[in-house]
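Notes for the one structure printed next.
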Amino acid sequence: RLEMDARVAIPLPSSCGISSQSGINSRCVGVKRKSSSTNLVKAGSAKRHKMDKGARSNLSTPSHLSNASATSTTSAPRNARVSLISDRRKLPSDLKNASKAHNGSSPNPSSSSSGMKSESQAKHPPSGRDDLDDEISFRPVYNDGQRSSMIDLICLKNIFAIQLPKMPRSYIVRLVLDRKHRSLCLCKGSRIIGGICFRPFHSQGFAEIVFCAVTSSEQVRGYGSKLMNAFKEHVKPMGIEYFLTYADNFAIGYFKKQGFTKKVTMPAERWTGYIKDYDGGTLMECKISSLVCYTKIRKMIQLQRDCVLEKVKQISSSHVVYPGLTAFKNASTLQVKDIAGVQEAGWNESMVNSVAPCRDTRSRRLRRLQAKFGVILHKLFKHESSWPFREPVDKSYTNYYETIGNPMDLSTMEERLNTFQYRERSLFIADFYLITNNCRRFNPANSQYYRCANRLEQEFENLIKDDPEIVS
């Protein structure tokens, strides 16, 4: 319900249905016009989903929002009438700036002409900033009808609309300005640069994150993590134990870093029917621990690390730094036991014989041979006499395959090399000689193919003669 002074004019984006001729479109924001001859309207809260229990309410996908909002509207009390002025020339300057602030900036609420503090700010002071920059602060806000709250919500709506371009703006406006939703604004100085919009279900002990975004000019600076940590501390006094959200493929990575998982451990009866399933989204959950202060998590981890290092110092001397060795300056030898700190570390002479010698294992040797075979094949492919042997002989030459029972070519050798079939050097060498021998067997000695086979074979022998590992 819009519990506001009748003199306060609330600007709403044109996407919400504002028209200078027809007033407010009730299908967009769930507001019913009282009559066609007056500007006074009654504010209604759109029921998005009918439930058996009155406390339950589901979020609908954008395509169903307009139909859901048109099903029923609940009129506010008579004293909740508000004058909604569609003519921008009559709006106060601060509200004009708020509705136009698509860059995410926000005027300072404290400097507004009303001089009144938002009810949401009075009930919920800014979250702790122990683990945050001095210039970063957080401000909880919701649609309580105060001028400063409306300015913050409109600025936050603009950020969500820019960072979530595929989301209909009417859908964003509906949820951000909904009385059942709450928001936590991320502020840099007096300017709003991001925030989280969520729907708390106090009786069920969880909250659904609807929107979460930071303006593009302030991203990749750690503000997203700081926002989520402050949000976790913000909801603890509300009795919230779990977060649920539907994340798209681009947001899954961010939520994983913030402690969300795809496995929902909260009992299904606590959340089933309270939130609506979305197509194309992944349901993710985060369990909030009451033993962890999330705004001080960096300091806590540093203290744990220091504690572990202190315990290590008590049982070992690994932290002691010894001077460098000077015995080698005079070209003299030095026994291992004479090196400062070695015996203190637990070394003894029996360890010398217990160390296994370095062995050239079969796998290492195989990888080394594979690399050498690859270099040789590459050079053979580039040789000017290799052109008849790069690809298999055409199947149309049936007399060739009748004469040669085991054909071979360089492409087949390359395929065998890539599939690790050459586990011995003899297999690689045998396949190459099979190419040249088949050629000399099928073609006469005075043919061009015969001469190419001889030249390529000579090149192959030159490549392997200097490598004892292949020749031996």
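Start counting at 1 in the sequence shown, then tack on 600, and there's your number in this note's numbering.
Heads up, the beta-carbon is just placed ideally off N, CA and C, and yes, glycines get one too.
key: Every unbroken alpha helix (DSSP H) inside the region 951-1037 [4 residues or more]   = 962-982, 998-1003 and 1010-1018
key: Cross-strand partners of ILE792 (DSSP beta bridge)   = CYS787
The region 1023-1040 in contact with the region 1005-1015 per 3-pair CB rule at 8 Å = yes
request  = Go ahead and label ILE888 buried or exposed: buried means 16 or more other beta carbons lie within 10 angstroms of its beta carbon, across all protein chains shown.
outcome  = buried
task = Give the secondary structure of MET750 by DSSP, where H, G and I count as helix, E and B as strand, and everything else as coil.
result = Judged by DSSP in its simplified three-state form, MET750 adopts helix.
query = Just the Cα atoms here: how many angstroms apart are THR845 and SER790?
reply = 29 Å
query = In chain order, what residues of the same chain lie with their CB nearer than 6 Å to the CB of GLU818, ignoring the 5 residues before and after it?
reply = ILE793
ARG905 to ILE796 span [Cα, whole Å] = 32 Å
task = Could you give the DSSP three-state label for GLU949: helix, strand or coil?
result = coil
ASP938 classed as buried or exposed, judged by whether at least 16 other C-beta atoms fall within 10 angstroms = By the 10 Å Cβ count, ASP938 comes out exposed.
inquiry  = With DSSP as the reference, identify every bridge partner of ALA813, one or two as the case may be.
reply    = GLY795
key: Bridge-paired residues (DSSP) for ALA807   = Bridge partners of ALA807: PRO800 and PHE843.
message = Check this for me: beta carbons of GLU949 and TYR894, under 8 Å apart or not?
response = no
message = Just checking: is the beta-carbon of PRO800 within a distance shorter than 8 Å of some beta-carbon in chain B?
response = Of the protein chains in the structure, only one exists, and it is not chain B.
query = With distances taken from CA atoms, which of GLN763, ARG779 and MET767 is nearest GLY745?
reply = Considering only alpha carbons, the answer is ARG779.
ask   = Taking the C-alpha atoms as reference points, what is the distance between TYR1049 and ASN1043?
value = In this structure, the CA atom of TYR1049 is about 7 Å from the CA atom of ASN1043.
query = Taking the alpha-carbon positions, what's the CYS616 to ARG769 distance?
reply = In this predicted model, CYS616 has a pLDDT of only 38, less than 50, meaning its place in the structure is not dependable; the value taken from the coordinates is given anyway. CYS616 and ARG769: Cα-Cα distance of roughly 8 Å.
query = If we call anything under 8 Å between Cβ atoms a contact, is GLY805 one with TYR842?
reply = The criterion of a C-beta distance shorter than 8 Å is satisfied by GLY805 and TYR842.
task = Helix, strand or coil for VAL741, going by three-state DSSP, please let me know.
result = In the three-state reduction of the DSSP assignment, VAL741 falls in the strand class.
Buried or exposed (CB count within 10 angstroms, at least 16 for buried), HIS781 = buried
task = To the nearest angstrom, report how far apart ARG870 and ALA761 are at their CA atoms.
result = 31 Å
query = Is ILE736 helix, strand or coil when you go by DSSP?
reply = strand
key: Span separating the alpha-carbon of HIS724 from that of ALA847   = Unreliable placement is indicated for HIS724, whose pLDDT of 43 sits below 50; the coordinate value is still reported in the next sentence. Distance from the CA of HIS724 to the CA of ALA847, rounded to the nearest whole angstrom, comes to 28 Å.
request  = Over the uninterrupted alpha helix (DSSP H) stretch that includes MET838, give me the two end residues.
outcome  = First-last for MET838: undefined, no H or E at that position.
inquiry  = In whole angstroms, give me the CA-to-CA distance for GLU1059 and TRP987.
reply    = 14 Å
ask   = Where does ASN808 land, buried or exposed, given buried means 16+ other C-beta within 10 angstroms?
value = Checking the displayed sequence, the identity of residue 808 turns out to be Glu instead of Asn. With 16 or more other Cβ atoms within 10 Å, it is buried.
query = By a C-beta neighbour count over all protein chains shown, 10 Å radius and 16 as the cutoff for buried, is MET951 buried or exposed?
reply = exposed
ask   = Leaving out the 5 sequence neighbours to the left and right, which residues in its chain are closer than 7 Å to MET838 when beta-carbon positions are compared?
value = The residues are PRO800 and HIS802.
query = When you compare only the Cα positions, how much space is there between CYS787 and SER749?
reply = 14 Å
key: Bounding residues of the beta strand (DSSP E) (the contiguous stretch that carries LEU883)   = 882-887
ask   = What are the residues that DSSP puts in a beta bridge with THR933?
value = DSSP output for THR933 lists no bridge partner at all.
task = Let me know if ILE772 comes out buried or exposed under the rule of 16 or more other beta-carbons within 10 Å of its beta-carbon.
result = buried
query = Got a sec? Which residues, its chain only, sit under 6 Å from SER711 by beta carbon, not counting five neighbours each side?
reply = Reliability of the predicted coordinates at SER711 is poor, the pLDDT of 35 falling under 50, and the value obtained from them is presented with this limitation in mind. The answer is none, since no qualifying residue turns up.
inquiry  = Just to check my reading of the structure: LYS982 and ASP1067 have Cβ atoms closer than 8 Å, yes? What is that Cβ distance to the nearest angstrom?
reply    = Contact doesn't hold; Cβ gap of about 18 Å is too wide.
key: Inter-residue Cα distance where the pair is THR815 and CYS886   = 24 Å
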